[in-house]
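Novice: Pasting a structure below so you can have a look.
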Amino acid sequence: MAFLQCARAWLLCAVALAAQTKEAQQQGDLETAARELQNAIQLNPADAEAHGRLGMVYRRLGRLTEAIGLLERSVRLEENARVKVLLAFTYIDAGRRREAIPLLAASWDAESKPSLQAAVGQRLIECYLETGQPEQALAVAQKLRQMAPQDPDVLYLASKVYMNLWNGAFQQMLSQDPGSHQVRLILAEGLEAQDRFAEAANEYRQILKTQPKLPGIHYQLGRMILRSDASAGADEKALAEFRQELEHSPLNVGALAEIGEIHLRRSQLEAAAREFSRAVELQPGYVPARVGMAKVRIAQKQWSQALEQLEPAAQAAPAEEAVAYNLMIAYRALGRAADAKRAFDTFQRLKQQNQQKRSAVLKGLAPP
Amino acid sequence: MIRAAAILSVLALAAAALRPTPADEQLRFVDLSPAARLTVKTVFGGEKTKRYIVETTGGGAAFLDFDNDGWLDIFLVNGSRFPAPAPAATNHLYRNNRDGTFQDATSRAGLERSGWGQGVCAGDFDNDGHTDLFVTYWGGNVLYRNNGNGAFAEVTEAAGLKASRLRWGSGCAFLDYDRDGLLDLFVSNYVDFDLKTAPQPGSGPTCRYRGLAVNCGPRGLKGESNLLFHNQGRGTFRDVSEQSGISSARDHYGLGVLTGDFNNDGWPDIYVANDKTASLLFRNQRDGTFEEIGVFAGCAYDADGKAASGMGVAAGDFDRDGWLDILKTNFSDEPTSLYRNTGDGLFIDAALGAGLGRNRRWVGWGCGFADFDNDGWLDALIVNGHVFPELDGAEPGWGFRQPKVLYRNIRGERFEDVSAQAGPAITTPAASRGAAFGDFDNDGRLDVVINNMHDAPSLLHSRTRNRNHWILVRLEGVRSNRSAIGARVSCLTGKFRQIDEVRSGGSFFSQNDFRLHFGLGEARRIDLLEIRWPSGAVQQIRACAADQIITVREGSGLVSGKCDPAP
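Chains as they are written, first to last, in numbering that gives the first Met the number 0: chain A, 0 to 367; chain B, 0 to 566.
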């Protein structure tokens with residue numbers, strides 16, 4: 000009916016048709032909208048907007064091949080960035096991600112509206128990952144994280160990108176030399192992340208069989224022994240590993256600090272101080288050694304000497320709870336009430352922040 | 000000349016310190032439990048696996064003289080099982096036969112009760128001269144009034160202590176926080192736990208341990224707040240948790256409770272060891288309210304400012320500086336906490352410097368400061384046991400049953416681990432929980448009763464042999480509460496002063512002997528015993544002979560024992 004009326008004055012009717020189409024679309028009557036738009040295109044085959052709208056309607060109706068045809072024609076008739084994005088999204092729906100990428104990439108670079116750019120960026124990451132281009136996805140993910148650092152969708156995609164890259168690199172490493180020490184290192188680190196310390200220790204031992212002087216391995220083995228070995232001699236075994244580490248890598252401040260901690264647990268305060276002091280000498284910004292040294296001085300009631308370690312540590316690591324806590328203890332003992340209160344407030348703030356983060360993680364991972 | 004003498008004396012002291020302890024003076028214990036007829040096993044959930052966290056905690060122990068015969072009796076808390084309860088598992092009261100054996104008096108005393116029992120504390124809440132009992136449960140705490148005829152009456156509801164909802168009562172202690180002569184009651188709560196909503200083992204990140212699927216929590220479960228009940232007289236209590244400020248500390252996992260006057264102001268403070276969260280120190284404001292100051296006071300966290308998994312707690316002046324220090328047991332991988340009181344109720348964690356950092360392999364529960372060798376310096380005993388039986392066989396060395404750790408105090412400067420020399424009673428692994436300290440055979444040497452999960456209890460009898468002397472001081476309040484809980488005693492021998500307080504609760508969910516024990520070293524006489532009663536009255540007893548048990552009544556003086564009759 001509308002077509003017959005419009006045949007007489009197509010220009011006027013095109014406007015009316017567009018209004019009717021919009022109304023139909025808004026009401027969800029997609030079939031009616033499609034008919035009206037087909038009529039409009041018949042009246043004016045060069046109407047880019049009608050092609051675009053009909054493409055959109057077909058997409059919503061699941062008629063993807065026809066939608067793509069219409070959207071492509073719309074773009075050919077008239078350059079329109081939004082229609083290009085719609086075309087890209089429809090390509091994705093149809094599984095034609097490679098064709099979507101150039102359109103999305105162009106929109107990603109040119110789009111000025113942040114919400115639309117974020118939506119485009121997220122689809123672009125998916126396309127890159129699906130087409131085996133994780134490096135390109137990484138660049139988009141990093142920019143998206145800058146734009147929306149708290150957005151859970153962005154963080155999810157970023158995690159997928161990193162995991163994809165990790166998997167890719169690991170697979171390649173595995174295929175080149177499955178028995179390499181690098182593969183074992185990755186395995187050991189994964190086991191440690193799952194609290195499977197004894198198994199992680201075994202991986203480090205395997206590495207040492209072929210690479211006894213590889214830097215860092217004795218150190219890691221010592222750490223795993225301390226976490227897994229319940230025998231009375233565990234400290235001794237760990238100590239031996241840390242010492243071996245230092246024979247090959249005398250600058251390993253982590254090993255020095257671990258030895259210091261073992262001495263501290265044994266109440267060998269001066270021996271602990273020597274190790275921590277050497278670590279601080281090598282790396283003045285190495286906070287665990289400064290905290291260890293401060294704990295020795297606090298145990299000796301040498302409050303001012305403890306502060307000599309803690310104040311620079313607080314500058315190097317203002318978010319370190321152990322530093323703020325021991326600062327509070329040392330200031331308190333020296334009668335510096337205002338400083339102690341300030342350190343106490345800092346410590347409480349850090350504690351609260353970290354607790355909120357942990358709670359959020361636990362809540363997220365908890366069973367339903 | 001004087002300088003030379005001083006050097007010689009320092010050298011002599013150094014030589015003495017370096018000299019190994021003669022074998023016959025070493026701390027030694029034997030486990031008398033089978034011979035003493037303490038043979039009933041404690042039931043507490045699954046023995047191979049534990050589905051829920053409620054199967055992992057309890058079992059307090061108490062040394063108390065319920066029949067006033069001057070000999071310590073024993074009370075042991077029992078648990079239950081899932082899915083069906085264990086009706087035969089009941090708490091047990093054992094009467095001391097005064098010959099090294101005990102007789103099960105549970106039934107006659109009316110104390111048969113099954114359920115998920117946790118802790119126990121004692122105190123004469125109605126001041127009738129008979130020690131009453133409070134037992135905490137997951138599922139409703141219970142107050143027992145001692146009738147004085149060998150039987151107890153359950154008076155929870157009549158006393159106003161019946162809970163309005165399901166809670167998990169854990170540690171407890173009677174204390175007279177307002178010093179009105181009536182014992183009030185503090186109860187810690189652990190986790191807001193309901194079987195209907197409890198997650199299944201392995202179902203989340205807080206349900207795995209060393210790669211094993213284990214029961215979930217306490218992390219990931221909702222924490223709790225603690226309770227304070229004011230004794231209104233006539234045998235009734237009123238919940239004052241809100242108005243006193245006690246319940247302001249929320250979302251903690253409360254376990255061991257310890258009371259003591261930590262800032263020497265004459266008013267009892269309250270310390271709560273919390274699992275996985277900061278421990279709490281409630282300072283008594285002397286007006287019926289408390290302020291929680293644990294973090295600033297330095298006794299909430301470890302030396303790195305991290306929350307440990309606090310379990311058991313004990314107070315004692317281990318360095319004899321006149322201020323009560325705190326010992327707290329923690330989970331494995333966490334050193335025991337030794338909070339040294341630096342004066343005015345502030346603390347530093349002195350565990351690392353004092354030699355308590357070495358043992359990190361065990362999960363610690365009951366603990367106590369006790370002068371086992373009567374040398375005048377408080378030693379320490381920690382009983383251990385893991386929470387996950389699933390560990391047995393999974394990884395070498397990480398068993399459910401674990402040895403105890405015994406530390407000898409070296410002149411208040413450090414603790415020496417003497418477990419290996421103390422005998423199989425210490426080194427044999429067990430899944431220990433509650434531990435109560437007291438002298439059950441009145442021989443002047445402190446013993447320990449331990450509640451072991453899935454096993455019979457241990458009765459550690461001290462076999463330390465030396466010529467050191469001792470005294471046991473029993474107090475009776477008159478204006479103060481009859482149990483004299485909160486009374487502080489200073490024991491002066493020569494220039495050495497020791498302090499201790501009568502205390503309800505403590506250790507892990509347990510009750511120690513109310514009588515205060517002081518080791519006197521070579522001193523055969525105490526120059527001065529000074530008692531500061533909760534009422535504020537101060538009483539002095541002079542020139543007491545060593546190696547005896549004395550009783551002092553508030554206001555009247557010495558009731559029994561040999562001391563200078565002059566007031």
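Backbone N, C-alpha and C fix where the C-beta goes; we use that ideal spot for every residue, glycine too.
Does the count of Cβ pairs from the stretch 511-525 of chain B and the stretch 493-501 of chain B closer than 8 Å reach three?
Specialist: Touching, yes.
Novice: Taking 8 Å as the threshold, find out whether the stretch 102-111 of chain A comes into contact with the stretch 72-92 of chain A through three or more Cβ pairs.
Specialist: Enough Cβ pairs lie closer than 8 Å, so yes.
Novice: Cβ closer than 9 Å: which chain A residues qualify as neighbours of D303/B?
Specialist: Simply V290, K294, E320, A321, Y324, N325.
Novice: Within the 8 Å Cβ cut-off, does E394/B reach chain A?
Specialist: Output row for E394/B: interface = yes.
Novice: Give me the chain E residues within the contact set of D228/A, using Cβ-Cβ distance strictly less than 7 Å, ordered along the chain.
Specialist: Among the protein chains of the structure shown, namely A and B, there is no chain E.
Novice: If you draw a straight line from the alpha carbon of D561/B to that of A544/B, how long is it in whole angstroms?
Specialist: Note that residue 561/B is Lys in the sequence shown here, rather than Asp. When rounded, the distance between both Cα atoms is 6 Å.
Novice: Mind listing the chain A neighbours of F330/B? Cutoff is C-beta to C-beta under 8 Å, in chain order.
Specialist: Those do not exist, as F330/B stays about 13 Å from chain A at its closest Cβ, beyond 8 Å.
Novice: Could you tell me whether the stretch 245-259 of chain B touches the stretch 164-176 of chain B, where touching means 3 or more Cβ pairs closer than 8 Å?
Specialist: Verdict: yes, contact present.
Novice: For Q420/B, which option in P402/B, A430/B, E412/B has the closest C-alpha, if you only look at C-alpha atoms?
Specialist: For the residues P402/B, A430/B, E412/B, the minimum Cα distance to Q420/B belongs to P402/B.
Novice: Quick one: using the 10 Å Cβ neighbour count with 16 as the cut-off for buried, is N67/B buried or exposed?
Specialist: The residue is exposed, with fewer than 16 neighbouring Cβ atoms inside 10 Å.
Novice: In the stretch 259-286 of chain A, which residues sit with their C-beta less than 7 Å from some C-beta in chain B, listed in chain order?
Specialist: Residues L263, R264, R265, S266, L268.
Novice: Unbroken alpha helix (DSSP H) runs of length 4 or more, entirely within the stretch 138-208 of chain A: which are they?
Specialist: Entirely contained in the stretch 138-208 of chain A, the alpha helix (DSSP H) runs reaching 4 residues are, in chain order, 151-175, 180-192.
Novice: Looking at the strands, I want to know which residues DSSP matches up with A60/B.
Specialist: DSSP lists L75/B as partners of A60/B.
Novice: Would a check of beta-carbon distances place G352/B closer than 8 Å to chain A?
Specialist: Yes, G352/B lies at the interface with chain A (some Cβ there is under 8 Å from its Cβ).
Novice: Are the Cβ atoms of A192/A and V160/A separated by less than 8 Å?
Specialist: Their beta carbons are not under 8 Å apart, which means A192/A does not touch V160/A by this criterion.
Novice: Note down the Cα distance separating K47/B from W115/B, rounded to an integer number of angstroms.
Specialist: Answer to the nearest angstrom: the Cα atoms are 18 Å apart.
Novice: Does the beta carbon of T341/B come closer than 8 Å to any beta carbon on chain A?
Specialist: Yes, because at least one Cβ of chain A sits closer than 8 Å to the Cβ of T341/B.
Novice: Strictly below 7 Å CB to CB, what residues from chain A border I347/B?
Specialist: Here the neighbours are I297, I328.
Novice: For a minimum of 3 consecutive residues, which ranges assigned as the beta strand (DSSP E) are wholly contained in the stretch 259-328 of chain B?
Specialist: You should have 268-273, 279-283, 289-291, 312-315, 324-327.
Novice: To the nearest angstrom, report how far apart L369/A and M327/A are at their CA atoms.
Specialist: With chain A covering 0 to 367 only, the question about residue 369/A has no answer from this structure.
Novice: Give me the Cα-Cα distance between R357/A and P204/B, rounded to the nearest whole angstrom.
Specialist: One C-alpha to the other measures close to 11 Å.
Novice: Who does G363/B pair with in a DSSP beta bridge?
Specialist: DSSP output for G363/B lists N383/B as bridge partner(s).
Novice: Using a Cβ cut-off of 8 Å (strictly closer), state whether P334/B contacts chain A.
Specialist: It does: the Cβ of P334/B has a partner Cβ on chain A nearer than 8 Å.
Novice: Mind checking which residues open and close the beta strand (DSSP E) that includes D468/B?
Specialist: Note that residue 468/B corresponds to His in the displayed sequence, not to Asp. 468-475 is the span of the beta strand (DSSP E), which, as asked, contains H468/B.
Novice: Going by other Cβ atoms of all chains shown within 10 Å of its Cβ, with 16 needed for buried, is Q351/A buried or exposed?
Specialist: So Q351/A ends up on the exposed side.
Novice: Considering only C-alpha positions, which residue in the set I261/A, Q132/A, I185/A is nearest to R242/A?
Specialist: Closest option to R242/A, Cα to Cα, is I261/A.
Novice: Under 8 Å, Cβ to Cβ, is there at least one residue of chain B near F343/A?
Specialist: It does: the Cβ of F343/A has a partner Cβ on chain B nearer than 8 Å.
Novice: Taking Cβ-Cβ distances below 9 Å as the criterion, which residues of the stretch 190-204 of chain A are in contact with chain B?
Specialist: From the stretch 190-204 of chain A, only L190, Q193, D194, R195, F196, A197, E198 have a Cβ closer than 9 Å to chain B.
Novice: Quick one: which chain A residues come within Cβ less than 8 Å of Y252/B?
Specialist: Ordered by position in chain A, no residue passes the 8 Å Cβ test against Y252/B, which lies about 14 Å from the chain.
Novice: Just the chain B side, please: which residues come within less than 7 Å of A332/A by C-beta, in chain order?
Specialist: Within chain B, the residues near A332/A are T341.
Novice: If you run the structure through DSSP and keep just helix, strand and coil, what is Q355/A?
Specialist: Q355/A: helix per DSSP, three-state reduction.
Novice: Closer than 9 Å between beta carbons: that is the criterion. Which residues of the stretch 182-215 of chain B meet it against chain A?
Specialist: Within the stretch 182-215 of chain B, the qualifying residues are P198, Q199, S202, G203, P204, T205, C206, R207, Y208, R209, G210, C215.
Novice: By DSSP, does N38/A sit in helix, in strand, or in coil?
Specialist: Three-state DSSP puts N38/A in a helix.
Novice: With a 10 Å radius around its C-beta and 16 neighbouring C-beta atoms as the bar for buried, classify L194/B as buried or exposed.
Specialist: Per the 10 Å Cβ criterion, exposed.
Novice: Strictly under 8 Å for the Cβ-Cβ distance: is G356/B near chain A by that measure?
Specialist: True, the Cβ-Cβ gap to chain A drops below 8 Å.
Novice: For L17/B and T492/B, I'd like the C-alpha separation in whole angstroms.
Specialist: The predicted model places L17/B with a pLDDT of 39, which falls under 50 and marks its position as unreliable; any figure quoted below should be read in that light. Each residue's alpha carbon lies about 25 Å from the other.
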